[in-house]
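J.: The structure under discussion is supplied below as structure tokens; questions concerning it will follow.
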Amino acid sequence: MKHKVFLCLIIAGLFLTGCGKKYDLYIYNWGQYIDEDVLKIFEKETGLSVSYEEFETNEAMYPKVANGAGDYDVICPSDYMIQKMIEEDLLAPINYDNIPNIKYIGKKYMEQSEAFDPGNLYSVPYCWGTVGIIYNKKMVKEPVDSWSILWDEKYYDNVLMQNSVRDAFGITLKWLGYSLNSTDPKELKEARDKLIEEKKKGLVQAYVVDQVRDKMLDNSAALGVIYSGEASYTISENPDLAYAVPKEGTNSWIDSWVIPKNSKHKKAAEQFINFLCRPDIALKNFEYICYSTPNIAVRDMLEDEALKNDEILFPSEDVLKNTETYQYLGEEMDQKYYELWKEVKGS
Numbered sequence: 086m087k088h089k090v091f092l093c094l095i096i097a098g099l100f101l102t103g104c105g106k107k108y109d110l111y112i113y114n115w116g117q118y119i120d121e122d123v124l125k126i127f128e129k130e131t132g133l134s135v136s137y138e139e140f141e142t143n144e145a146m147y148p149k150v151a152n153g154a155g156d157y158d159v160i161c162p163s164d165y166m167i168q169k170m171i172e173e174d175l176l177a178p179i180n181y182d183n184i185p186n187i188k189y190i191g192k193k194y195m196e197q198s199e200a201f202d203p204g205n206l207y208s209v210p211y212c213w214g215t216v217g218i219i220y221n222k223k224m225v226k227e228p229v230d231s232w233s234i235l236w237d238e239k240y241y242d243n244v245l246m247q248n249s250v251r252d253a254f255g256i257t258l259k260w261l262g263y264s265l266n267s268t269d270p271k272e273l274k275e276a277r278d279k280l281i282e283e284k285k286k287g288l289v290q291a292y293v294v295d296q297v298r299d300k301m302l303d304n305s306a307a308l309g310v311i312y313s314g315e316a317s318y319t320i321s322e323n324p325d326l327a328y329a330v331p332k333e334g335t336n337s338w339i340d341s342w343v344i345p346k347n348s349k350h351k352k353a354a355e356q357f358i359n360f361l362c363r364p365d366i367a368l369k370n371f372e373y374i375c376y377s378t379p380n381i382a383v384r385d386m387l388e389d390e391a392l393k394n395d396e397i398l399f400p401s402e403d404v405l406k407n408t409e410t411y412q413y414l415g416e417e418m419d420q421k422y423y424e425l426w427k428e429v430k431g432s
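Structure below.
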């Protein structure tokens, strides 16, 4: 029996989806991006059974959905990936009659979403934030106000870079004064050269995603590129850390719930999205994952004043004025970015 269970775990990956067991709803989400109690509450309130799996990057998620390798009903990609999936006809339009709690999603987030989902036909915002630099104040004495610090030779083997093609190129392009959605070959090659220079100087300790948090918590690095929600949590656990959004600007991102076109349980998916938009559930998720929420009712419900006024989670308009949202640049440019990224990683 133990061998049979072990075999099922191998096949299922991170989560046990059962040896042939059928579920009422199949969810695919980022790692540590929902309070597990929320899933239990949903199952208890609706009587629906849930299968839950995680992915680490948009690029890891996409082929499983595009190739039909995963049988999912609701997924949480980022802005530019949602645009790509819309253009490739991979998503089903959402019936907002089944999502009355959409009224709690702030107007500005719905408007921002139109950059990648015109008319808000296919997506409902879940979390948002910025990309910036987390740094150890005991190791970094100078002001952290520019992306250029990631290329400073004094931080040899002490920089953590995002293992993400768009994030790595995005921050480099912004530092160079370009759009993070650049398609200009000259600008992209210039960004590639800077990333190669950073690596060859021995500045990059590692290309990581979620591990930025762990490495900064145990003081293993001086600086790291990080998502704002991860930064807020990490700083709460280690007071020697701080977060900065560089003056050159950065990415203001949105992760949203979408429904694959081949979903077999669309109504249950819409029921789940509506459930997540409910203020008490959105608050529970916010307090667990510590990422900025587009749910306008949540901030008023917060009892923790420090959290309520956290400038990392709720940045001012002054911080956001020079930010951009990633856009899907087309298959040809996707390939170009990956080719350049491969050159960086192989240098």
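Note that the working numbering has the sequence shown beginning at 86, numbered continuously upward.
For glycine and all other residues, C-beta sits at the position ideal for the given N, C-alpha and C.
Being a predicted model, the structure only gives us computed values, none of them experimental.
Considering Cα atoms alone, identify which of G334, A316, E238 is closest to G262.
T.: Measuring from the Cα of G262, the nearest candidate turns out to be G334.
J.: If we ignore side chains and look at the alpha-carbon of each, how far apart do K346 and L133 end up?
T.: 21 Å
J.: Can you tell me whether DSSP reads E372 as helix, strand or coil?
T.: helix
J.: Would you give the residue range spanned by the beta strand (DSSP E) that F140 belongs to?
T.: The continuous beta strand (DSSP E) containing F140 extends over residues 135 to 140.
J.: Please list the terminal residues of the continuous alpha helix (DSSP H) segment that includes Y422.
T.: 416 to 431
J.: Can you tell me where the alpha helix (DSSP H) with V297 in it begins and where it stops?
T.: 296 to 302
J.: Tell me the rounded alpha-carbon separation between N248 and N370.
T.: Between N248 and N370, the C-alpha separation is close to 26 Å.
J.: Count the other CB atoms within 10 Å of the CB of D340; is the residue buried (16 or more) or exposed (fewer)?
T.: Result: buried.
J.: What is the DSSP secondary structure of S249, counted as helix, strand or coil?
T.: Here S249 sits in coil by DSSP.
J.: With distances taken from CA atoms, which of L245, A200, P210, S198 is nearest N221?
T.: L245
J.: Kindly identify the DSSP beta-bridge partner or partners of G217.
T.: In the DSSP assignment, G217 forms a beta bridge with I311.
J.: Can you find at least 3 beta carbon pairs, one from the region 200 to 217 and one from the region 300 to 320, that sit closer than 8 Å?
T.: yes
J.: Cα separation between F399 and S377?
T.: 7 Å
J.: Bridge partners of C212, per DSSP?
T.: D340
J.: Between the C-alpha atoms of M386 and P364, what's the straight-line distance to the nearest angstrom?
T.: 9 Å
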